[in-house]
Amino acid sequence: MMNKSAPGREPAVRAAGLTVVRGGARVIDGLDFTVPAGSVTGLLGPSGCGKTTLMRAIVGAQARVSGTVEVLGRPGGSPELRHRLGYVTQDPSVYRDLTVRQNLDYFAAVLGIPRPRRAAAVDGALTDVDLGAKADALTGALSGGQRSRVSLAVALLGTPELLVLDEPTVGLDPVLRRDLWNLFHRLADERGTTLLISSHVMDEADRCHRLLLMREGALLAQGSPAELREATGSATIEGAFLRLVDRAARPESAGREEPERRADREADAGNTGPEGDTAA
């Protein structure tokens, strides 16, 4: 499995044997990987393969995690990491009955940004996500894509060293998708931010410096898009992914469900495992 980090820099995330069990099923199965500091790393795989669970394990929001995960030099979930990373979930985590600016001002206070600096921080985040014209609009009156950008603005308030984004471009038109990816690369290039971005859209793969390809709770490969295409003899990342799936396939795997979906189904049937997060 390919793995290349920036010379002289410790990875922002390092995992070894990372495993999550939910509802009697292994949703994440013994993953070993790194996320290089200052990179835009894509986490790609079909819906239900475990992407959201993996992200929750990295940010310290997932129960029943075994193995090790080190984030910014500290154990994942350490209290001191709370102000060093930002996490944007699939569903916008903002208050619909507040304006965009009020949401950002509230979360800036929660983050402990001093009042004299708060207005500048809010204005900077609004500019980053191109929502200045909507600053005084009620958040509940915005489109789904705009509300997602408000959540992203909240995550940017504290200038995080690591930004974990769960499918941030879903439902966005091509222009907004392009603009967001341009923002992600500016954050990496100009601020040194590390970004881990999940997606099930394979055509977003070439926008990333590195990729983690997942299937059924396992990691198929990691490396740059060019490395993965070369290793599989494929012209596209989608082709590379399909070839990696075929290589990993075993006869006994026929008919298997994706781990997150199987765990959710068993839980719905009365399994006593802890309630899980939304499948990625």
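Under the working numbering, the first residue of the sequence shown is numbered 940, with each subsequent residue one higher.
Every residue gets a Cβ at the ideal spot worked out from N, C-alpha and C, and that includes glycine.
No experiment lies behind these values; they were computed from the predicted model shown.
What is the residue span of the beta strand (DSSP E) that residue i lies within?
{"i": "THR1028", "result": "Unbroken run through THR1028: none, as it is neither H nor E."}
{"i": "GLN1161", "result": "1157 to 1162"}
{"i": "SER1137", "result": "1133 to 1138"}
{"i": "ASP968", "result": "964 to 974"}
{"i": "ALA955", "result": "952 to 961"}
{"i": "LEU1050", "result": "No beta strand (DSSP E) holds LEU1050; DSSP gives it neither H nor E."}
{"i": "VAL1103", "result": "1101 to 1105"}
Quick one: residues in its chain with C-beta nearer than 6 angstroms to the C-beta of residue i, no 5 flanking neighbours on either side, listed in chain order?
{"i": "TYR1026", "result": "VAL998 and VAL1103"}
{"i": "SER1192", "result": "In this prediction, SER1192 scores a pLDDT of 46, lower than 50, which makes its location untrustworthy; no coordinate-derived value is stated."}
{"i": "ILE1136", "result": "GLY981 and LEU1104"}
{"i": "ARG953", "result": "THR973 and GLU1009"}
{"i": "VAL960", "result": "ARG1003"}
{"i": "LEU1152", "result": "LEU983, LEU1159, ALA1160 and PHE1180"}
{"i": "PHE1123", "result": "VAL979 and LEU1134"}
{"i": "ARG1168", "result": "ALA1179"}
{"i": "LEU993", "result": "ILE967"}
Give me, in chain order, the residues of the same chain whose beta-carbon lies closer than 7 angstroms to that of residue i; leave out the 5 immediate sequence neighbours on both sides.
{"i": "LEU1095", "result": "GLY1025, ALA1064 and ASP1067"}
{"i": "ARG1088", "result": "VAL1068 and LEU1070"}
{"i": "ASP1044", "result": "ARG1057 and VAL1061"}
{"i": "VAL1033", "result": "ASN1042, THR1078, ARG1086, VAL1089, SER1090 and VAL1093"}
{"i": "GLY1156", "result": "ARG965, VAL966, ILE967, ASP968, CYS988, GLY989 and PRO1198"}
{"i": "ALA976", "result": "ALA945, ARG948, GLU949, PRO950, ALA951 and THR1133"}
{"i": "ARG1013", "result": "GLU1019 and LEU1020"}
{"i": "GLY1016", "result": "GLY999"}
{"i": "MET940", "result": "Unreliable positioning characterises MET940 in this predicted model, as indicated by a pLDDT of 36, which lies under 50. A coordinate reading is not provided."}
{"i": "PRO1107", "result": "VAL1027, SER1087, LEU1091, LEU1119 and ILE1136"}
{"i": "GLU1177", "result": "MET1141"}
{"i": "SER1173", "result": "ALA1179 and ARG1182"}
Apply the 10 Å Cβ neighbour rule to residue i and answer buried if 16 or more other Cβ atoms are within range, or exposed otherwise.
{"i": "ARG1154", "result": "buried"}
{"i": "GLU1143", "result": "buried"}
{"i": "THR1007", "result": "exposed"}
{"i": "ASN1042", "result": "buried"}
{"i": "VAL1140", "result": "exposed"}
{"i": "PRO1113", "result": "exposed"}
{"i": "GLY1194", "result": "Residue confidence is low: GLY1194 scores 46 on pLDDT, short of 50, so the model does not pin down where it sits. Its coordinate-derived value is still stated next. With fewer than 16 other Cβ atoms within 10 Å, it is exposed."}
{"i": "ALA951", "result": "buried"}
{"i": "ARG995", "result": "buried"}
{"i": "PRO1053", "result": "exposed"}
{"i": "SER1138", "result": "buried"}
{"i": "GLY1162", "result": "buried"}
{"i": "PRO1055", "result": "exposed"}
{"i": "SER978", "result": "buried"}
{"i": "ALA1165", "result": "exposed"}
{"i": "ALA1283", "result": "Look at the range of the chain in this structure, 940 to 1219, and you will see that residue 1283 is not part of it."}
{"i": "ALA1047", "result": "buried"}
{"i": "GLU1129", "result": "exposed"}
{"i": "GLY962", "result": "buried"}
{"i": "GLU1100", "result": "buried"}
{"i": "ALA1080", "result": "exposed"}
{"i": "ARG1125", "result": "exposed"}
{"i": "ARG1149", "result": "buried"}
{"i": "ARG1146", "result": "buried"}
Just reading off the alpha helix (DSSP H) that residue i is part of, what are its end residues?
{"i": "ASP1118", "result": "1113 to 1130"}
{"i": "ASP1185", "result": "1176 to 1187"}
{"i": "GLY981", "result": "It is not in any alpha helix (DSSP H) - GLY981 instead sits in the beta strand (DSSP E) that spans 979 to 983."}
{"i": "ARG1149", "result": "Counting along the chain, ARG1149 falls outside any alpha helix (DSSP H), though it belongs to the beta strand (DSSP E) covering 1149 to 1154."}
{"i": "ASP1062", "result": "1054 to 1067"}
{"i": "LEU1095", "result": "1083 to 1095"}
Keeping to the same chain, check which residues put their C-beta closer than 8 angstroms to that of residue i; ignore five residues upstream and five downstream.
{"i": "GLY956", "result": "GLY969, LEU970, ASP971, SER1005, GLY1006 and THR1007"}
{"i": "ASP1075", "result": "THR1038, VAL1039 and ARG1040"}
{"i": "LEU1050", "result": "HIS1022, LEU1096 and GLY1097"}
{"i": "VAL1184", "result": "ARG1154 and LEU1159"}
{"i": "GLY1084", "result": "GLY1110, LEU1111, ASP1112 and LEU1115"}
{"i": "LYS1073", "result": "VAL1039, LEU1081 and GLN1085"}
Taking 8 angstroms as the CB-CB cut-off, is residue i touching chain D?
{"i": "ASP1185", "result": "Among the protein chains of the structure shown there is no chain D, as only one such chain exists."}
Practice task
Note down, one range per segment and in chain order, each beta strand (DSSP E) of at least 3 residues found wholly within the segment 988 to 1047.
Solution key: 1004 to 1010 and 1024 to 1027
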